[in-house]
Amino acid sequence: MATLSYSEVQEFVNNSHLEQYPKLNISILRNIVVETIEPYWRYFAIKMGFNAQVKFGEYDNVFQEAVGGMGNVLNKDTDVVMVFLKMDTISYDLANNYTALSVEQVHLEVKRIKEYIAAVLAGIRRQTDAFLLWHCFDLPTYPAYGIWDSQTSDGQLETLRELNRFLLSIIGSHTNTYCVDLNLCIARIGANNFFDPRYWHIGRAPFASAALYEIASENFKFIRARKGKNKKCIVLDCDNILWGGIVGEDGFAGVKLGKTYPGSAYCEFQQEVLNLYHRGVIIAICSKNNEDDVMEIFRNHPDMVLKEKHITNFKVNWQDKATNIRQIAKDLNIGLDSMVFFDDSEFEANLVREIVPEVEVIHMPPQKAVEYRNMLASCGFFDTLTITAEDKKRGLMYKAEVARKDLQKQSIDIQSYYKSLEMKLEICYADTFSIPRIAQLTQKTNQFNLTSVRYSESDINRLADSDDSDVMYVKLEDRFGDYGIVGVAILKHFADFFEIDTFLLSCRVTGRGVEDAFLVECMKLSGKRNKRAVRGRYIKSKKNQQVADFYKAHGFEVLEVKSDDTLYQFDLSKPYPDCPWYFKDNNVRL
Amino acid sequence: MKEKVKKVMSNIFQVPIKDITDDASPDTITGWDSLKHMNLVLALEEEFGVQFSDAQILELLNFQLILLTLKEVGVRE
Chain X
0 MATLSYSEVQ
10 EFVNNSHLEQ
20 YPKLNISILR
30 NIVVETIEPY
40 WRYFAIKMGF
50 NAQVKFGEYD
60 NVFQEAVGGM
70 GNVLNKDTDV
80 VMVFLKMDTI
90 SYDLANNYTA
100 LSVEQVHLEV
110 KRIKEYIAAV
120 LAGIRRQTDA
130 FLLWHCFDLP
140 TYPAYGIWDS
150 QTSDGQLETL
160 RELNRFLLSI
170 IGSHTNTYCV
180 DLNLCIARIG
190 ANNFFDPRYW
200 HIGRAPFASA
210 ALYEIASENF
220 KFIRARKGKN
230 KKCIVLDCDN
240 ILWGGIVGED
250 GFAGVKLGKT
260 YPGSAYCEFQ
270 QEVLNLYHRG
280 VIIAICSKNN
290 EDDVMEIFRN
300 HPDMVLKEKH
310 ITNFKVNWQD
320 KATNIRQIAK
330 DLNIGLDSMV
340 FFDDSEFEAN
350 LVREIVPEVE
360 VIHMPPQKAV
370 EYRNMLASCG
380 FFDTLTITAE
390 DKKRGLMYKA
400 EVARKDLQKQ
410 SIDIQSYYKS
420 LEMKLEICYA
430 DTFSIPRIAQ
440 LTQKTNQFNL
450 TSVRYSESDI
460 NRLADSDDSD
470 VMYVKLEDRF
480 GDYGIVGVAI
490 LKHFADFFEI
500 DTFLLSCRVT
510 GRGVEDAFLV
520 ECMKLSGKRN
530 KRAVRGRYIK
540 SKKNQQVADF
550 YKAHGFEVLE
560 VKSDDTLYQF
570 DLSKPYPDCP
580 WYFKDNNVRL
Chain G
0 MKEKVKKVMS
10 NIFQVPIKDI
20 TDDASPDTIT
30 GWDSLKHMNL
40 VLALEEEFGV
50 QFSDAQILEL
60 LNFQLILLTL
70 KEVGVRE
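Taken in sequence, the protein lines are chains X and G. Going by numbering that gives the first Met the number 0, the first residue of the first sequence is number 0, and it counts up by one from there. Going by numbering that gives the first Met the number 0, the first residue of the second sequence is number 0, and it counts up by one from there.
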C-alpha cells in the first residue's frame, strides 16, 4: 500500500485539514536521529482520524529526560511515548568492539544496560501512563564472530537477544507498554534496504526511507489497536479470491483450489483468513454468484480450508456489493468502519470505495494470487494488543447471532422471543481474569457507550482497587451460546451519590434488556451503600446517538446540560425500574 | 526536472511553490535546516529514482546545485 512517495506523503499531510481531528501527542526518546520518520507518522495518524503532534526529545538525552524529567518531553498531554535506543550509542563495545571483550566484560556491560533500561522505563512511568512503544535492539546482520557467532551462547547475537528478552520481560510487568520488534521490520524489507550508512555517518540517522515507512506502519498497528480503530470483520469475494476461476463458468471441479499450483495460493490465502478467524475476526462472504454454486464448494470441495461454519454471513446474490456490505453490517450489528472488503475486481473495489467509503477496501489482482496471503498478513488492520478467550469464540458467537435472528423472524412478539432465548446474566466486580477484556471494551465500544472514556488495563486495575470506585462487568449466556463479558460499568463514589463514570455494552447484545438489567443492578448497589442518588452522564460522540436518551428512559432527571455533556440524576427514594422479566437465574455478586 | 524539484522542495519545506526561486537556498528558505535536508534528500532520491553518494548529499547546498547533481547522477532535463 506504499503507493505514495515520500514527497507525496508530506504533501498529503500539508494539505490535510487537521483542525477537524483530535490531537495525538507523540513524544520520542531516542539516542539516534529519527526525525525523517515524522511525515509517515502524521500520515498514518490522519488515515486513522488523528492529528499527530510529534515532540522529539534531545538526541541521546534519554536518561536525563526519562529519569531526570528534563525538557518537558513527557507531560500530562502525552498520548504515546516511543523509545528508540540503538546499541551503537548505548554501548560502543557491545555493538562494535565485541570481539575485544572478555566474557566477564560482556556480562558487566549487559548488566549495566539492563539497569539502564529499567531506570528509563521506571522514569517514564513516573511521569506518564501514556501508551508506550519501546523498539527492541536490532540484531547485527554480520555479527562479531561471523559464522561462529550463531553457534555460541557467548556470541554477540545471543547477547543482544538476551537484552531483547529482558526488555520483553520488564515490559510485560508494566501495563500499557509494548515492544516493537524492529527485527521483524528489518526481515520484511531486508537489512540492506533498512539501514542507510550515508546518513548514519553524516547525521546519526540509521534508517533508510523504506525503513521509515515500515516502522511507522508497525507503530500504527499498535496505535490503531489501542485506539480501538482496528477492524473486526473480513468481507470476501469468492471467484479469484477464495479460488481461482469463476465457479459459474468453470464449474465445481474446474475452479483452481488445491495442494498444487495454482490452487495452492488460494488455499494459503484461505488458511490466513482462518488464522484471523481464530483470533476473533468475523468472516463474511459477498459474491455475485448463484448461491447454490458457492454453497456447493463450501460444503463439498475437498480442498476448502474455510468451511461453512466459519462464515457468519453469506451474501451470495446479484445485488450490488455496497448494498450487500451495508446489509452485513446491519445483520451483525457492527460499524461499516470496522470492515475490510477484499475483491479481485477493480470495478467492485472502486464501487464499494465510492459508495461506502467507511469500509476499507483491498483490491487483489488475480495475476498476483501468490501474493494474496502476504497482502492480508501485512495489512495489520486486525491486530489487537491482546487476544482474550472471548476473541477466540467470537466467530461462533456471531454465527449464533445469525441463528437468533432466524428465530426472531419466527417469534411474533419480541418479549416472548427474548424469553425463548433463555438469557442469563452474571454481574460481578472486575477481577484479574476480566480486567484485560474490560479495558478492551472501554477502548473499542463506540455505539452503546454513554461517556466513551477509554481506559488502559492499568487504569482499570487502579479503579478496581480503589475504595472510591467500583468496576463491574456483565456476562451473558443464552441457549445458543456464551457471549462472555459484554458490558462494563464503572461507578465513582461521592459523599451522598454514586456517579456512573462508564456504562457500555457490546453492540452484539444491545436492545434485548441486558442494559436495563445491568443499570438496575448499578442502582441497587448505590442504594445498598446508602447513597441518596445515582448520577450518570451522556457525553455525545459521533457514534453514540442511540444512547442519547438512555438515562431519561430509565427515569433519570436532567441535572445539568453543558453542550455535548448532559448530567442526569436518579433519586433513590423513588422505586427502581424493573429488571426485564424474561431474565432468569441471573447470578449477581455485588 | 526543474519543476519537479521545486514541487518536492515545496512539499518538504512546506512553502508555496512560487517561493522556491531559482536561487533558493537555506538562506532564502527558513525551514531548510540540516534535519529537513535529510527529508529533502530522501524525497529527491525517491522521486527521481537515484541515489546520491554521501559526499554529494552534503553538496546539495542550493537549488542550482541540486539540478547539477541530479544531472551528474544521470537524470535528464
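Where a beta carbon is used, it is the ideal one built from N, C-alpha and C, also for glycine.
Exercise for the section: Would you mind sorting Met0 (chain X) into buried or exposed? The rule is 16 or more other CB atoms within 10 Å of its CB. Expected result: Any reading at Met0 (chain X) must be qualified, since the residue scores a pLDDT of 44, below 50, and its modelled position is unreliable; the value itself is stated next. By the neighbour-count rule (16 or more Cβ atoms within 10 Å), Met0 (chain X) is not buried but exposed.
Practice task
Note down, in chain order, every chain G residue with its Cβ under 7 Å from the Cβ of Asn191 (chain X).
Solution key: Ordered by position in chain G, no residue passes the 7 Å Cβ test against Asn191 (chain X), which lies about 12 Å from the chain.
Problem - Assigned secondary structure, Asn192 (chain X) (DSSP; H/G/I helix, E/B strand, else coil) - result: It is helical.
Practice task
Check whether the Cβ atoms of Ile327 (chain X) and Asn349 (chain X) lie closer than 8 Å to each other.
Solution key: no
Practice task
Output yes if chain G places a C-beta closer than 8 Å to the C-beta of Gln52 (chain X); else output no.
Solution key: Using a Cβ-Cβ cut-off of 8 Å, Gln52 (chain X) does not count as an interface residue toward chain G, since no Cβ of chain G sits closer than that to its own.
Practice task
Taking 8 Å as the cut-off, decide whether the C-beta atoms of Arg536 (chain X) and Leu571 (chain X) are in contact.
Solution key: Taking the C-beta atoms as reference points, Leu571 (chain X) is found no nearer than 8 Å to Arg536 (chain X).
Exercise for the section: Compare the beta carbon distance of Ile89 (chain X) and Ile123 (chain X) with 8 Å and say whether it is the shorter of the two. Expected result: Contact check for Ile89 (chain X) against Ile123 (chain X) fails: the beta carbons are separated by 8 Å or more.
Practice task
Return yes when the Cβ of Ile170 (chain X) is within less than 8 Å of the Cβ of Val234 (chain X), no when it is not.
Solution key: no
Practice task
Could you tell me the boundaries of the alpha helix (DSSP H) in which Glu76 (chain G) lies?
Solution key: Taken as a continuous stretch (DSSP letters only), Glu76 (chain G) belongs to no alpha helix (DSSP H), as it is neither H nor E.
Problem - is_contact[Ser26 (chain X), chain G] using C-beta, thresh 8 Å - result: no
Practice task
Give a yes or no on whether 8 Å exceeds the smallest Cβ distance from Asp53 (chain G) to chain X.
Solution key: It does: the Cβ of Asp53 (chain G) has a partner Cβ on chain X nearer than 8 Å.
Exercise for the section: Identify which residue in X:Ile116, X:Asp128 and X:Ser419 has its Cα closest to the Cα of Thr77 (chain X). Expected result: X:Asp128
Handout entry: Rounded straight-line distance, which links the Cα of Pro435 (chain X) to that of Thr385 (chain X)
Key = 8 Å
Problem - Asp469 (chain X): first and last residue of the uninterrupted beta strand (DSSP E) it sits in - result: Where Asp469 (chain X) is concerned, the enclosing beta strand (DSSP E) stretches over Ser468 to Asp477.
Exercise for the section: Grab me the residues of Asp22 (chain G)'s own chain with a C-beta within less than 8 Å of its C-beta, minus the 5 sequence neighbours each way, in chain order. Expected result: Asn61, Phe62 and Gln63
Practice task
Report back the beta-carbon spacing between Ala215 (chain X) and Phe193 (chain X) to the nearest angstrom; my notes put them in contact at under 8 Å.
Solution key: About 13 Å; that fails the 8 Å criterion.
Handout entry: Residue burial classification, Phe380 (chain X) (beta-carbon count within 10 angstroms, cutoff 16)
Key = buried
Exercise for the section: Please report the Cβ distance between Arg278 (chain X) and Asp180 (chain X), rounded to the nearest whole angstrom; I am assuming they are in contact, meaning their Cβ atoms lie under 8 Å. Expected result: Actually they are not in contact, since the Cβ atoms of Arg278 (chain X) and Asp180 (chain X) sit about 18 Å apart, beyond 8 Å.
Exercise for the section: Using a Cβ cut-off of 8 Å, pull out every chain X residue sitting near Glu58 (chain G), in sequence order please. Expected result: Under the 8 Å cutoff, chain X gives no residues; its nearest Cβ is about 12 Å from Glu58 (chain G).
Problem - Closer than 7 Å: Ser24 (chain G) CB and nearest the ligand COA heavy atom - result: The ligand content of the structure shown is nil, which means the ligand COA is not present either.
Problem - the stretch 287–295 of chain X contacting the stretch 330–341 of chain X, beta-carbon criterion three pairs below 8 Å - result: no
Exercise for the section: Just the C-alpha distance for Phe78 (chain G) and Gln13 (chain G), rounded to the nearest angstrom, thanks. Expected result: Summary: the structure shown does not reach residue 78 (chain G), with chain G confined to residues 0 through 76, and so no result is reported for it.
Problem - Exposure of Lys573 (chain X), with buried meaning 16 or more beta-carbon neighbours within 10 Å - result: exposed
Problem - Span of the beta strand (DSSP E), counted from its first residue to its last, around Thr383 (chain X) - result: Careful: Thr383 (chain X) lies outside any beta strand (DSSP E) and carries neither H nor E.
Practice task
Answer yes if the stretch 546–562 of chain X comes into contact with the stretch 456–464 of chain X, meaning at least three C-beta pairs across the two stretches below 8 Å, and no otherwise.
Solution key: no
Practice task
To the nearest angstrom, report how far apart Glu476 (chain X) and Leu93 (chain X) are at their CA atoms.
Solution key: 56 Å
Handout entry: Residues bridged to Ser286 (chain X) [DSSP beta-bridge criterion]
Key = X:Val315
Handout entry: Straight-line Cα distance separating Val369 (chain X) from Ala376 (chain X)
Key = Taking the straight line joining both Cα atoms gives about 13 Å.
Problem - Proximal residues to Met422 (chain X) (C-beta, below 6 Å), its chain only, five neighbours per side dropped - result: Excluding sequence neighbours, Met422 (chain X) sits near Asp477 and Phe582.
Exercise for the section: Compare the Cα-Cα distances from Asp137 (chain X) to each of X:Ser172, X:Thr151 and X:Ala186 and report the closest residue. Expected result: For the residues X:Ser172, X:Thr151 and X:Ala186, the minimum Cα distance to Asp137 (chain X) belongs to X:Ala186.
Handout entry: Contacts of His200 (chain X) in chain G (Cβ-Cβ under 7 Å)
Key = Asp53
Problem - Through-space distance from Phe62 (chain X) to Val109 (chain X), alpha-carbon basis - result: 17 Å
Problem - chain G contact for Ser455 (chain X) (CB, 8 Å cutoff) - result: no
Handout entry: Phe221 (chain X), DSSP secondary structure in three states
Key = Phe221 (chain X): helix per DSSP, three-state reduction.
Exercise for the section: Could you check which residue in X:Gln439, X:His492 and X:Thr501 has the C-alpha nearest to that of Asn175 (chain X)? Expected result: Checking every option, the nearest Cα to that of Asn175 (chain X) belongs to X:Gln439.
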